[in-house]
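Novice: Going by my numbering, 226 is the number at position 15 of the sequence shown; the sequence numbering is gapless. Encoded as structure tokens, here's the structure I'll be asking about.
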Amino acid sequence: MSTMKITHAGYSAPKVKLISGRTLELGVPKSKLVRIFSRGNGALLKQIKSDSNGYYKAYLPYDAAYLIVGIDENKIFNATAQDNVGAK
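What follows is the structure, given as structure tokens:
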């Protein structure tokens, strides 16, 4: 079974967080749709697309934790999630 992987890094600032990371497909950077949800209430906070090298970043309202989902728009790979993402 093929899988897609996302990685992340985050830091916090007052009332706003920068969440950034990279989307990979079989270890190779790929542009993917990335959805970021509030871990607390499930609300979709941001939908972005990673660049051609797989990098993405989003400035988000402060939340204790996020759920990040990487989606393959070509429907070849399953969605991949990073749960409970917070500031490092």
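Beta carbons: idealized from backbone N, C-alpha and C, even for Gly. The model shown is predicted, which means the values in this text are computed figures rather than measured ones.
With a CB to CB cut of under 7 angstroms and the five nearest residues on each side skipped, what residues in its chain are close to residue 295?
Specialist: 250 and 276
Novice: Tell me the residue span of the beta strand (DSSP E) that contains residue 266.
Specialist: 266 to 272
Novice: Return the CA-CA distance between residue 293 and residue 230, expressed in angstroms with no decimal places.
Specialist: 12 angstroms
Novice: Suppose only complete runs of 3+ residues qualify. What are the beta strand (DSSP E) ranges in the segment 239 to 295, listed by chain order?
Specialist: You should have 244 to 249, 255 to 260, 266 to 272 and 277 to 282.
Novice: Give the DSSP-derived three-state secondary structure of residue 228 in the structure shown.
Specialist: Of the three classes helix, strand and coil, the one that applies to residue 228 here is strand, per DSSP.
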